[in-house]
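Have a look at the structure below, then the notes.
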Amino acid sequence: MRLVFIGFGEAAYNIASGLKAEGLIDIGAYDRNAADPQLGGLIQQRAAEVGVKLFESLEGAYQAGEFIACL
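Read left to right, the sequence shown gives residues 128 to 198 (this note's numbering).
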């Protein structure tokens with residue numbers, strides 16, 4: 128995984144979208160709210176929309192990322 132976001136809210140979504148458009152295809156993210164009944168749906172939808180892999184654990188995200196961006 129080239130780049131991993133810690134937190135996948137509005138800013139990370141927009142940055143990931145722009146990076147994908149420029150050809151960076153290996154992006155992941157961890158968001159503690161991804162499984163939340165109220166917030167998780169939007170996070171998962173946005174991740175799928177831009178092709179971002181969502182990690183289930185913070186540890187997994189840190190281990191996978193070459194570059195980490197905490198937003």
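Note that CB positions come from ideal geometry on N, CA and C, so glycine has one too. As the structure is a computational prediction, the values presented were derived from the model and not from experiment.
Alpha carbon to alpha carbon, what distance is there between residue 185 and residue 138?
19 Å
Could you tell me which residues DSSP puts in a beta bridge with residue 132?
156 and 196
Residue 183 to residue 165 span [Cα, whole Å]:
17 Å
Can you give me the Cβ contacts of residue 133 inside the same chain, cut-off strictly under 6 Å, excluding the 5 residues immediately before and after it?
157 and 197
With DSSP as the reference, label residue 185 as helix, strand or coil.
helix
Beta bridge counterpart(s) of residue 180 as assigned by DSSP
Paired residues: 155.
For residue 128, which residues in the same chain have their Cβ closer than 6 Å to its Cβ, ignoring the five residues on either side in sequence?
153, 155, 191 and 192
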